[in-house]
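In this note's numbering, the protein residues as written are 597 to 950. Taking it in order: structure first as structure tokens, then the write-up.
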Amino acid sequence: MAIHTAQHLLSAVLDTYNLPTLSWSMTQYPSLDCPYIELSRGLTWKEVEEVEEKCNKLIGEDLSVWVETSMQEDGGVDGEGDRESRGIPKDYEGVCHFTWMITRADDKGVIRHINIDGIDRNACCGTQVPSLSHCSSIHILPPSIPSTSTTPSKSPTRISFTAGPRALRYLRHSSRQFSLTAQAVGCGRQDLVERATRNEELRREGADNVKGLRGELGRLVIADQISRLNGKKALWVKRDERTTHDFEFMGNIASGVNTSDPDAVTLVTSTLPGKDQTQLVLVQSSDQVKAKELFDAVKAALDGDGEKRVKGGGAKGRFMGKVEGKWGKAEDIKISEVVDKVRVSLCVRGGHMS
Ligand SMILES: [Zn+2]
597 MAIHTAQHLL
607 SAVLDTYNLP
617 TLSWSMTQYP
627 SLDCPYIELS
637 RGLTWKEVEE
647 VEEKCNKLIG
657 EDLSVWVETS
667 MQEDGGVDGE
677 GDRESRGIPK
687 DYEGVCHFTW
697 MITRADDKGV
707 IRHINIDGID
717 RNACCGTQVP
727 SLSHCSSIHI
737 LPPSIPSTST
747 TPSKSPTRIS
757 FTAGPRALRY
767 LRHSSRQFSL
777 TAQAVGCGRQ
787 DLVERATRNE
797 ELRREGADNV
807 KGLRGELGRL
817 VIADQISRLN
827 GKKALWVKRD
837 ERTTHDFEFM
847 GNIASGVNTS
857 DPDAVTLVTS
867 TLPGKDQTQL
877 VLVQSSDQVK
887 AKELFDAVKA
897 ALDGDGEKRV
907 KGGGAKGRFM
917 GKVEGKWGKA
927 EDIKISEVVD
937 KVRVSLCVRG
947 GHMS
């Protein structure tokens, strides 16, 4: 009831901003998700604070809230003075859509108005508190735009709020979250925003640095591998670094080698110690048939005795697979044999032995 009356109050205050409430919704207790009203546009932080202050001032004045009923024939329909009745259809029969409000058959055509003394009157069949002090206080959650922004969303936006006993629960929960977050980043509550902002700056800076270093490392690996090609047409680039254990880095290496020698078939493996790791294999060549041949041979070698360890596939000369389980010396030997075989077959096919 406190939430419902708070919603009427909030909608009434927002009406003075020419912001009619399009809809509203309340989550079931004990959810900590806040109720919301929907407006045709978003609000700025400043507007939210201003509206919240006005609502709380009115709650402080403890204005009375009361129900007034009128019959449909009395002009209760299409009345101009109130918010919600403007939308009541002419064939309205006064059957309440709130399940907890039982409407007697002889109540057909009854229009129920909720009044907040001096500030609001609107058609509603829900239950309300008798005066605003029962709402205790109202809090409107800050919008997701930056606190200094003066350009709120121009599309329909939900404005979340809380009031009454739920507001206290919400405060308790928020305060605990606040403390836990401060502990997680290792600072006092009062320094949390500053610390989190700085941490985010450092994270971005770190990510940029890693990107730069990966690019530079990639170029060095490619140059090194090209120098090892030495007439060979199949290459195995074996990597075991956690920081480059991803298909993006592996693909860049393979592309770099293929740019230098379009006839080469490059196999890149990236393996990490431990049986819970996912090992990665990538095969690339501008010759799609050769690439598929090598990928199939790698899969067959690793799959072993009826065990399917490699999942993946590809097209257009690039094949990628994830290998389940530990990667050890046995896998290295198998791959080495496969690459050697392909090397020989490519050289025979190409008409020269290396
Ligand atoms: Zn209502």
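Note that the Cβ used here is the ideal one computed from N, Cα and C, for glycine as well.
Subject >> Cβ-heavy atom distance, C720 to ligand 1, below 7 Å >> reply: yes
Original post:
Can you tell me whether DSSP reads G870 as helix, strand or coil?
Top reply: coil
**OP:** Report buried or exposed for I929, applying the criterion of at least 16 other Cβ atoms within 10 angstroms of its Cβ.
**Re:** Around the beta carbon of I929, a 10 Å sphere encloses fewer than 16 other beta carbons of the protein chains shown; the residue is thus reported as exposed.
**OP:** Report the rounded CA-to-CA distance for H735 versus S851, giving the unit in angstroms.
**Re:** 56 Å
Subject >> Three-state secondary structure (DSSP) of A701 >> reply: Legend: pLDDT at A701 = 47, less than 50; position of this residue unreliable, no value from coordinates given.
Subject >> W832: first and last residue of the uninterrupted beta strand (DSSP E) it sits in >> reply: 830 to 835
Original post:
Is it the case that the Cβ atoms of K895 and V906 are separated by a distance below 8 Å?
Top reply: One thing to note: K895 has its Cβ within 8 Å of the Cβ of V906.
Subject >> A887 classed as buried or exposed, judged by whether at least 16 other C-beta atoms fall within 10 angstroms >> reply: Residue burial is scored here from C-beta neighbours: A887 has at least 16 other C-beta atoms within 10 angstroms and is therefore classed as buried.
Original post:
Excluding five sequence neighbours on each side, which residues of the same chain lie with their C-beta closer than 6 Å to the C-beta of M622?
Top reply: I599, P631
Original post:
H769: beta carbon under 7 Å from a heavy atom of ligand 1?
Top reply: no
Original post:
Where D857 and V833 are concerned, what is the direct C-alpha to C-alpha distance, given to the nearest angstrom?
Top reply: 15 Å
Subject >> Contacts around E801, its chain only, beta-carbon distance under 8 Å, and the 5 residues preceding and following it disregarded >> reply: none
Original post:
So, are the CB atoms of V706 and K650 less than 8 Å apart?
Top reply: No; because the gap between Cβ atoms is not below 8 Å, this pair is not in contact.
Subject >> Beta-carbon contacts of F845 that lie in its chain and below 7 Å, excluding the five residues immediately before and after >> reply: If the five residues before and after F845 are omitted, its C-beta is found closer than 7 Å to the C-beta atoms of R810, G814, all from its own chain and listed in chain order.
Original post:
Unbroken beta strand (DSSP E) runs of length 3 or more, entirely within the segment 711 to 766: which are they?
Top reply: 716 to 719, 734 to 736, 753 to 759
Original post:
Would you say the beta carbon of I712 comes nearer than 7 Å to a heavy atom of ligand 1?
Top reply: no
**OP:** State the Cα-Cα distance for the pair L635 and V647, rounded to the nearest angstrom.
**Re:** 14 Å
Original post:
Ordered along the chain, which non-local residues of its own chain (more than five positions away) have a Cβ less than 7 Å from that of A792?
Top reply: V781
Subject >> Three-way DSSP call (helix, strand, coil) for G808 in this model >> reply: In this structure, G808 counts as helix in the three-state DSSP scheme.
Original post:
Heavy atom of ligand 1 less than 7 Å from the Cβ of H604, yes or no?
Top reply: Look at H604: its beta carbon is less than 7 Å from one of the heavy atoms in ligand 1.
**OP:** Tell me whether T865 sits in a helix, a strand or coil according to DSSP, three-state version.
**Re:** strand
Original post:
Of the residues G909, G921, L890, S771, which one's Cα is nearest the Cα of K871?
Top reply: G921
Subject >> Whether A893 touches V934 by CB criterion (8 Å) >> reply: Between A893 and V934, the C-beta gap is smaller than 8 Å, which places the two residues in contact.
**OP:** Could you name the residues of the same chain whose beta carbon sits closer than 6 Å to that of K829, not counting the 5 residues immediately before and after it, in chain order?
**Re:** Scanning its chain for C-beta atoms nearer than 6 Å, with the 5 sequence neighbours on each side dropped, one finds around K829 the residues D859, A860, L942, in chain order.
**OP:** To the nearest angstrom, report how far apart V877 and S823 are at their CA atoms.
**Re:** Whole-angstrom Cα-Cα distance: 22 Å.
Original post:
What are the residues that DSSP puts in a beta bridge with W662?
Top reply: Answer is N711, bridged to W662.
Subject >> Distance cut-off 7 Å: H600 Cβ against heavy atoms of ligand 1 >> reply: Taking 7 Å as the cut-off, one finds at least one heavy atom of ligand 1 near enough to the beta carbon of H600.
Subject >> Euclidean distance between Cα positions of W923 and Q779 >> reply: Using only the alpha carbons, I get a separation of about 39 Å.
Subject >> the segment 611 to 628 touching the segment 723 to 734, judged by at least three CB pairs closer than 8 Å >> reply: Segment contact: the segment 611 to 628 against the segment 723 to 734, fewer than three CB-CB distances shorter than 8 Å; contact not assigned.
Subject >> G908 - containing beta strand (DSSP E), residue span >> reply: Its beta strand (DSSP E) spans residues 906 to 911.
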